[in-house]
Amino acid sequence: MEESTFSRPAASATVLVGTQFGDEGKGKLVDYLSDQYDIVVRYQGGANAGHTICFDGKTVVLHLIPSGIFNKDCICVIGNGVVIDPNALMEEIQKVEELGYDVKGRLFISHNAHLIMPYHKRLDSLSESSLSGEQKIGTTGRGIGPSYEDKFARKGIRVVDLLNREVLKEKLRENLEAKNKLISKVYEKEEIDVEAIIGEYEAFDKVIDPYVTNTQLYLNRQIRAGKTVLLEGAQGCLLDVDHGTYPFVTSSNPTSGGACTGSGVAPNHIGKVIGVCKAYTTRVGNGAFPTELDDETGEALGRIGHEFGATTGRKRRCGWIDLVALRYSLVISGVTELALTKLDVLDTFEEIRVCTSYMLDGKEIVDFPTEHQTLSRVQPVYKTLKGWMASNANAKSFDEMHPNAQAYVSFLEEALDVPVTFISVGPGRDETVFK
33 MEESTFSRPA ASATVLVGTQ FGDEGKGKLV DYLSDQYDIV VRYQGGANAG HTICFDGKTV
93 VLHLIPSGIF NKDCICVIGN GVVIDPNALM EEIQKVEELG YDVKGRLFIS HNAHLIMPYH
153 KRLDSLSESS LSGEQKIGTT GRGIGPSYED KFARKGIRVV DLLNREVLKE KLRENLEAKN
213 KLISKVYEKE EIDVEAIIGE YEAFDKVIDP YVTNTQLYLN RQIRAGKTVL LEGAQGCLLD
273 VDHGTYPFVT SSNPTSGGAC TGSGVAPNHI GKVIGVCKAY TTRVGNGAFP TELDDETGEA
333 LGRIGHEFGA TTGRKRRCGW IDLVALRYSL VISGVTELAL TKLDVLDTFE EIRVCTSYML
393 DGKEIVDFPT EHQTLSRVQP VYKTLKGWMA SNANAKSFDE MHPNAQAYVS FLEEALDVPV
453 TFISVGPGRD ETVFK
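Pasting the structure below:
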């Protein structure tokens, strides 16, 4: 394989973000890049994200542990911006260890990270099931939103609270008094037993204790010591709670700004921002999707690309790549270079369409409207490019790729004014081209 052109930054941090609606293939890129960084940090989201990694004939999905865990020289950190489901984390640690990789001494968890409690998952499912039709957000039901709600209402329970049994009891009783009223009076369901939760989370504390540290201080001390850090986002920019297609968004900030607040690494340490995007577009759950294809082409993209959610197994909605949305994502995250994934999914298409602008009320627009009602009314304007009808899986350099595939990548670069430096031409680690 051609030598990577991803330069190893001197004593700085790199942010890696998804630039679409999530599911862009960030896991493969982080896995590949982890040997160029000393530390990989997950900075937001929870077990609602699934990062799929293919190596040595295996396919592994990680939901909480950073994707760098399969590089034995890489330290992994779960930052303060992540909300942690204890059961999901313990299962994931066990899975990684069963694959022959050490986790203790290589995984650190922020003492300030918030925990997902059983009542968060219960309320998440009850709230979603009470909605109808287009009102549904399409939540995974993993308790992410309710956990963040408690965090910002200053009622959350953090990892550090597990260290003090009395503090934990008091917070749980206060929270459950309010939550149980909601569960029993509004949703008319059985209340949750506080004592059972206390026992369960005390047991979790004994297991998690060796991993817990002040990761904010740890990361900054490592950066000052000359170590390099890769900050790994979950979901995608268009699902950002502040900058995305609200209300059909996640509950955190996947954009590059969230990397700082979710890790404690200050902006002056950020050397570059890598944006990850598919060669087409997918979306899980509800919300406007201008380039969605409800036809045989959309079905083909989903079938060839195996477009089913890594977390929920839900079928993803598929469509052509949307440059209006991408330009917006690149701006709000300050993306300095692009990683293009799943180009191989387009190998059998005679023609490939690219959305370059929208039509709204008879006028052409090039700016992305994040407001749901407006975005739902736009019509995509396409440019059609020739397909390559060939595999690029054996290409070791950009020049070895099919000329039409090269033309597609070059068109994206020119339209977005950002260089494409990484091209995934297959699911495996080695099926990668650097430009």
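Its first residue numbered 33, the sequence shown is counted upward by one per residue in this note's numbering.
Just so you know, even glycine gets a beta-carbon here, dropped at the ideal spot from N, CA and C.
As the structure is a prediction and not an experimental result, all values here were calculated from the model.
For residue i, three-class secondary structure by DSSP
i: M433; result: coil
i: G50; result: strand
i: V199; result: helix
i: E463; result: coil
i: V192; result: helix
i: D272; result: coil
i: V441; result: helix
i: P41; result: For P41, the predicted model reports a pLDDT of 46, less than 50, meaning its position is unreliable; a value from the coordinates is still stated below. It is coil, neither helix nor strand.
i: T91; result: strand
i: L448; result: helix
i: S157; result: helix
i: G294; result: coil
i: G77; result: strand
i: T388; result: strand
i: T84; result: strand
i: S423; result: coil
i: S288; result: helix
i: M33; result: Here M33 scores only 45 on pLDDT, less than 50, and its place in the model should not be relied on; the value that follows carries that caveat. Looking at M33 - three-state DSSP - the assignment turns out to be coil, as it is neither helix nor strand.
Element boundaries [alpha helix (DSSP H), containing residue i]
i: Y414; result: Segment 411-418 is the beta strand (DSSP E) holding Y414; no alpha helix (DSSP H) there.
i: V62; result: 58-65
i: E472; result: Since the first residue shown for the chain is 33 and the last is 467, residue 472 is missing from the structure and cannot be characterised.
i: H404; result: 404-407
Distance CB(residue i)-CB(residue j) smaller than 8 Å
i: V47; j: I71; result: no
i: D193; j: G175; result: no
i: V367; j: L417; result: no
i: Y180; j: S283; result: yes
i: G50; j: C269; result: yes
i: L448; j: L358; result: yes
i: S44; j: I302; result: yes
i: D379; j: W420; result: yes
i: D117; j: V316; result: no
i: I224; j: R335; result: no
i: Y312; j: V377; result: yes
i: V226; j: Y69; result: no
i: R190; j: A257; result: no
i: V457; j: A425; result: yes
i: T373; j: K428; result: no
i: E369; j: P459; result: no
i: T314; j: R348; result: yes
i: G307; j: L271; result: no
i: D390; j: V356; result: In the sequence as presented, Asp is not what sits at residue 390; that position holds Tyr. Yes.
i: V114; j: G57; result: no
i: T453; j: F466; result: yes
i: L263; j: Y64; result: no
i: I85; j: K60; result: yes
i: P286; j: G265; result: yes
i: N207; j: K187; result: yes
i: G111; j: V62; result: no
i: M122; j: I229; result: no
Limits of the unbroken beta strand (DSSP E) element including residue i
i: T453; result: 452-456
i: I148; result: Run containing I148: none; DSSP gives neither H nor E here.
i: E396; result: 395-397
i: E264; result: 261-264
i: V73; result: 71-74
Only counting runs of 4 or more residues, tell me where the alpha helix (DSSP H) segments fall wholly within the region 304-386, in order along the chain. 328-336, 355-365
The region 124-141 touching the region 84-102, judged by at least three CB pairs closer than 8 Å: Between the region 124-141 and the region 84-102 there are three or more C-beta pairs closer than 8 Å, enough to call the two in contact.
Which runs of the alpha helix (DSSP H) at least 4 residues long sit entirely within the region 93-139? Give them in chain order. 118-130
Entirely enclosed alpha helix (DSSP H) segments - the region 201-250, minimum 4 residues: 226-240
Using 8 Å as the cut-off, can you tell me whether the region 270-280 makes contact with the region 396-407, which would need three or more C-beta pairs spanning the two stretches below that distance? yes
Per the contact definition of three or more C-beta pairs closer than 8 Å, is the region 310-330 in contact with the region 231-240? no
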